[in-house]
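Asker: Residue numbers (our numbering): 96 to 665.
Glycine residues also receive a C-beta, built at the ideal position from the N, C-alpha and C atoms.
Note that this is a predicted model, so its numbers are computed, not measured.
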Amino acid sequence: MRNYDPATLRPYEPATRHQDRHRQTQVMISARSALCAAILLLGSPSAADTASANAVVEAETLFLDFLNAGHAVDAINSGLFTQFEGRDLAAWEAQRHDRRRALSARLAAIDPVDLTIADVAAVAAMRKTFADYAEEDPKQAEPGNAPKCKDAERRDLDYATLRAALVGCYREIGNQLKFENGTVARGSALALLHDIEEPARRKALFDAFLPLWSALNGHNEPDSPYRRVIKMAATDAAENSSEVEAAARAIGVSTDEVERWLTQILDAWRQASGPAMVEPWDYRYTIGEANRRLAARIPADALVNVNDRFYRDLGADLQKLGVVYDLNDRPDKSPLAYTDFLVHGRMVAGEWRPTIARVVGSYPMGGLFSLNELVHENGHAVQISAIKNRPAFTDWPDTLFTEAFADVPSWSVYEPAWQKKYLGTELPEAISLRALFGNVVLDVAWSLFEMRMLRDPAADPNVVWTDITNRYLHIVPHPEVPWWAMRVQLVSDPGYMVNYGLGAVRTAEMRQRTSEAIGPFDAGNAAWYGWLSERLLVYGSERDTRTLMLALLGRAPSPEAVLEQILRIQ
């Protein structure tokens, strides 16, 4: 199992400790003589070498068993299944517990001294991933055990529990915002803000967020739940590094350079979007003309079919890949759309058993905004479905690359060529791209907001957000309202938004390079999936963004591609 078949996996060299030694070739010798000569020249692996190699193989098997059991538990706890692969929750929890214990012992016992370079990297990857899972509290994932929104008022919560409680606010309050004569979920409310014609109704929908914002930030007092969690996040970042620092490392630049790029993108929007000031409840409407004009052609029940057709035309048949959708509404469903593994790919009886991805979201409304998110989530699905590597690396790459890649296909839905093929009509380029980049720069603004809050956690978040949105997005100041608190990631993982904001730089570069290599793909291109899989996706977690993108582009990263795209809205 240590040597992987190059016909079914990406090229992978086992890299024994002896492989770089000089080898001599003898002509006209018997096979037996050749073997003897090789043994004399190279030496045979020691018992320690063999035992260590076997220990790594065993650890990798346990590693995938542990991960897959955890994903099965998550899927059942989410309400998607009552059983998976013939086993119920108790059986999967028992396997997860057993494999966690066995994997922990196996990884602790491996001595890297006797390992090959490749095995050292594999063990390091498993230890890192396992440590991330070990920090989670499995009990919190079970129904009824997650911290509640009201718990956020407690002053004795640790960082992880306070974050979980604040996520609970998005689930308990954000999933049922009171609007007019009913309720609306946060995601649907954001989509509606693009569409509602009457200014007074837009303001009323905006105000429907007030109970959520109050739960998150109180009266903006220095010890409000959010202001406590951002202080904890800054302390944690000082000790363990932050998402911002991780993103900067991933592309080989400083955090100062990241901030400079973010402000460049925002300034490009400021100049290209025009000087008119808008109220915060009207911002999405002003950028949402494309959504309104195309709404009738993208009803909710058409989203999946349009999404799947586009991916088939890109060479990625989601049905054949086995992607599992969890798109139906139900009580206590995640307030956040996301994609994760359901089953990690692996070799079974000499054949590759592919990854199965699970896409989670709720789309009671159609439209371009919802479609863009669904295509983004399926970008994650095709990414992990393409991984073909040894078990230690059949996992997500770094977060920056993950989020940036998912937008490579999702940005296409705003291109006139995509609209003409899949919707039978097309909008003027400036209108469509205003809808795209109006939302992209919101993510960039949140990225800059989090950078500044992590740098100065005692700052007033309302003031920080007001300064950014007024300066760059032409939004009327309302420092009395914490309307920055629309995104779950701000509390679930402070600093995470940089992966969207900075990710736009990488997305634009990947789109540009791919088009140069295989031709346009906004209206489909069967070469797309194979070309990108071979160059970027098969490696899983083995290669970071910097390595992948340097090989793809042949140069250092630059914001020029995304800046050029923003200028197209003029």
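#1: With DSSP as the reference, please indicate the residues paired to T278 in a beta bridge.
#2: CB S505 to CB H471, shorter than 7 angstroms?
#3: Measure the beta-carbon distance from D502 to S636 and round it to whole angstroms, keeping in mind my assumption that it falls under 8 angstroms.
#4: On the CB-based measure, 16 or more other CB atoms within 10 Å of its CB, does V657 come out buried or exposed?
#5: Given that a residue counts as buried once 16 or more other Cβ atoms are within 10 Å of its Cβ, and exposed if not, what is D318?
#6: Helix, strand or coil for F179 per DSSP?
#7: How about W187 and A200: do their beta carbons lie closer than 7 angstroms?
#8: Where does I451 sit, in a helix, a strand or coil, going by DSSP?
#9: With distances taken between CB atoms, is the gap from L495 to A397 smaller than 7 angstroms?
#10: Using DSSP bridges, identify the partner residues of D435.
#11: Is the stretch 417 to 437 touching the stretch 153 to 169 in the sense that three or more CB pairs, one from each, lie closer than 8 angstroms?
#12: Would you kindly work out how many angstroms separate the C-alpha atoms of E274 and E468, rounded to a whole number?
#13: Measure the C-alpha to C-alpha separation of R448 and P486 and round it to an integer number of angstroms.
#14: Looking at M460: is its Cβ nearer than 7 angstroms to the Cβ of A260?
#15: With H, G and I counted as helix, E and B as strand and the rest as coil, what does DSSP make of V339?
#16: Buried or exposed: which applies to H314, given that a residue is buried once 16 or more other Cβ atoms fall within 10 Å of its Cβ?
#17: Quick check on this structure: which residue in Q514, F464, R663, E659 has the alpha carbon closest to the alpha carbon of A525?
#18: For V339 versus V593, is the C-beta spacing smaller than 7 angstroms?
#19: Which same chain residues, not among the five before or five after V399, have their C-beta less than 8 angstroms away from its C-beta?
#20: How is V583 classed by DSSP in three states: helix, strand or coil?
#21: Would the stretch 562 to 569 count as touching the stretch 580 to 593 if we require 3 or more Cβ pairs under 8 angstroms?
#22: Quick check on the DSSP output: the beta strand (DSSP E) that includes M372 runs from which residue to which?
#23: Mapping DSSP to helix, strand and coil, what is M442?
#24: Cβ of I382 within 7 angstroms of Cβ of G440?
#25: Hey, E521 and P511: beta-carbon distance below 7 angstroms or not?
#26: Is it buried or exposed for S349, if we count other Cβ within 10 angstroms and need 16 for buried?
#27: Under 8 angstroms: do the stretch 622 to 632 and the stretch 388 to 397 share three or more Cβ pairs, one atom per stretch?
#28: Classify Y591 as helix, strand or coil using the three-state DSSP reduction.
#29: Looking only at C-alpha atoms, which of Y517, R550, W579, L300 sits nearest to D331?
#30: Kindly list the residues whose CB is nearer than 6 angstroms to the CB of G138, restricted to its own chain and excluding five residues on each side of it in sequence; keep chain order.
#31: Relative to the C-alpha of G165, which candidate in Q190, W513, F301 has its C-alpha closest?
#32: Tell me whether Q514 sits in a helix, a strand or coil according to DSSP, three-state version.
#33: Do G614 and P430 have their beta-carbon atoms positioned less than 7 angstroms apart in this structure?
#34: According to the neighbour-count rule (16 or more other Cβ atoms, all chains shown, within 10 Å of its Cβ), is A651 buried or exposed?
#35: Should the stretch 532 to 542 be regarded as contacting the stretch 595 to 602, the criterion being three or more beta carbon pairs within less than 8 angstroms?
#36: Taking T564 as the reference, give the member of T224, W578, L198, A203 with the closest Cα.
Answerer: Inspection of the coordinates gives the following:
#1: If you number the sequence shown from 1, residue 278 lands on position 183. Under DSSP, T278 takes part in a beta bridge, and its partners are K273.
#2: Your numbering for residue 505 matches position 410 in the sequence shown. Your numbering for residue 471 matches position 376 in the sequence shown. Their beta carbons are under 7 angstroms apart, which means S505 touches H471 by this criterion.
#3: Residue numbering aside, residue 502 sits at position 407 when the sequence shown is read from its first letter. Residue numbering aside, residue 636 sits at position 541 when the sequence shown is read from its first letter. With a contact defined as Cβ atoms closer than 8 angstroms, D502 and S636 miss out at about 20 angstroms.
#4: Start at 1 with the first residue of the sequence shown, and residue 657 comes out as number 562. That one is buried.
#5: Numbered from its first residue, the sequence shown carries residue 318 at position 223. Taking all protein chains in view, the Cβ of D318 is surrounded by fewer than 16 other Cβ atoms within 10 Å, so the residue is classified as exposed.
#6: In the sequence shown, counting from the first residue as 1, residue 179 sits at position 84. When DSSP states are grouped into helix, strand and coil, F179 belongs to the strand group.
#7: Walking along the sequence shown from the start, residue 187 turns up at place 92. Walking along the sequence shown from the start, residue 200 turns up at place 105. Not in contact: W187 and A200 (Cβ atoms no closer than 7 angstroms).
#8: Your numbering for residue 451 matches position 356 in the sequence shown. Note: I451 maps to strand in three-state DSSP.
#9: Residue 495 sits at position 400 when you count from the first residue of the sequence shown. Residue 397 sits at position 302 when you count from the first residue of the sequence shown. No, Cβ-Cβ distance for L495 and A397 is not below 7 angstroms.
#10: Mapped onto the sequence shown, residue 435 falls at position 340. R453, per the DSSP bridge assignment.
#11: At 8 angstroms Cβ cutoff, the stretches touch.
#12: Along the sequence shown, one-based indexing puts residue 274 at 179. Along the sequence shown, one-based indexing puts residue 468 at 373. Looking at the sequence provided, one finds Phe at residue 274 rather than Glu. If you take the alpha carbons of F274 and E468, they lie about 23 angstroms apart.
#13: Here residue 448 corresponds to residue number 353 of the sequence shown, with the count starting at 1. Here residue 486 corresponds to residue number 391 of the sequence shown, with the count starting at 1. Straight through space, the alpha carbons of P486 and R448 are spaced by roughly 12 angstroms.
#14: Here residue 460 is taken as the residue at index 365 of the sequence shown, counted from 1. Here residue 260 is taken as the residue at index 165 of the sequence shown, counted from 1. No.
#15: Numbered from its first residue, the sequence shown carries residue 339 at position 244. Helix, per DSSP.
#16: Position 219 of the sequence shown, counted from the start, is the residue given in the question as residue 314. By the beta-carbon neighbour count (other beta carbons within 10 angstroms, threshold 16), H314 is exposed.
#17: Start at 1 with the first residue of the sequence shown, and residue 525 comes out as number 430. Closest by alpha carbon: R663.
#18: Within the sequence shown, residue 339 is the residue found at index 244, counting from 1. Within the sequence shown, residue 593 is the residue found at index 498, counting from 1. Between V339 and V593, the CB-CB gap stays under 7 angstroms.
#19: Sequence index remark: in the sequence shown, residue 399 carries index 304 (1-based). Excluding sequence positions up to five before and after V399, its CB lies within less than 8 angstroms of the CB of Y420, L422, L469, all in the same chain and listed in chain order.
#20: Along the sequence shown, read from residue 1 onward, the residue named residue 583 stands at position 488. Correct three-state label for V583: coil.
#21: Taking 8 angstroms as the limit for Cβ pairs, the verdict is that the stretch 580 to 593 does not touch the stretch 562 to 569.
#22: Taking the sequence shown and counting its residues from 1, one reaches residue 372 at position 277. Neither: M372 is in no beta strand (DSSP E) and is coded neither H nor E.
#23: As a working mapping, residue 442 is identified with position 347 in the sequence shown. Note: M442 maps to strand in three-state DSSP.
#24: Numbered from 1 along the sequence shown, position 287 holds the residue referred to as residue 382. Numbered from 1 along the sequence shown, position 345 holds the residue referred to as residue 440. Note that the C-beta distance between I382 and G440 is not below 7 angstroms.
#25: In the sequence shown, counting from the first residue as 1, residue 521 sits at position 426. In the sequence shown, counting from the first residue as 1, residue 511 sits at position 416. Yes. Within cutoff.
#26: Translated into positions along the sequence shown, residue 349 becomes position 254. That one is exposed.
#27: The stretch 622 to 632 is not in contact with the stretch 388 to 397.
#28: Position 496 of the sequence shown, counted from the first residue, corresponds to residue 591. When secondary structure is reduced to three states using DSSP, Y591 falls in the coil class, being assigned neither helix nor strand.
#29: For this step, residue 331 is matched to residue 236 along the sequence shown. Relative to D331, the option among Y517, R550, W579, L300 whose CA is nearest is R550.
#30: For the purposes of this step, residue 138 is taken as the residue at position 43 of the sequence shown. Interpretation of G138 is limited by its pLDDT of 45, a score under 50 that renders its predicted location unreliable; no figure is taken from the coordinates.
#31: Start at 1 with the first residue of the sequence shown, and residue 165 comes out as number 70. For the residues Q190, W513, F301, the minimum Cα distance to G165 belongs to Q190.
#32: The residue you call residue 514 lines up with position 419 of the sequence shown. Helix at Q514.
#33: Here the question's residue 430 lines up with position 335 in the sequence shown. Here the question's residue 614 lines up with position 519 in the sequence shown. In this structure, G614 does not lie closer than 7 angstroms to P430 by Cβ.
#34: Stepping through the sequence shown from its first residue, residue 651 is reached at position 556. Exposed.
#35: Contact between the stretch 532 to 542 and the stretch 595 to 602 is present: 3 or more CB-CB pairs across the two stretches fall below 8 angstroms.
#36: If you number the sequence shown from 1, residue 564 lands on position 469. Nearest to T564 by C-alpha distance, out of T224, W578, L198, A203, is W578.
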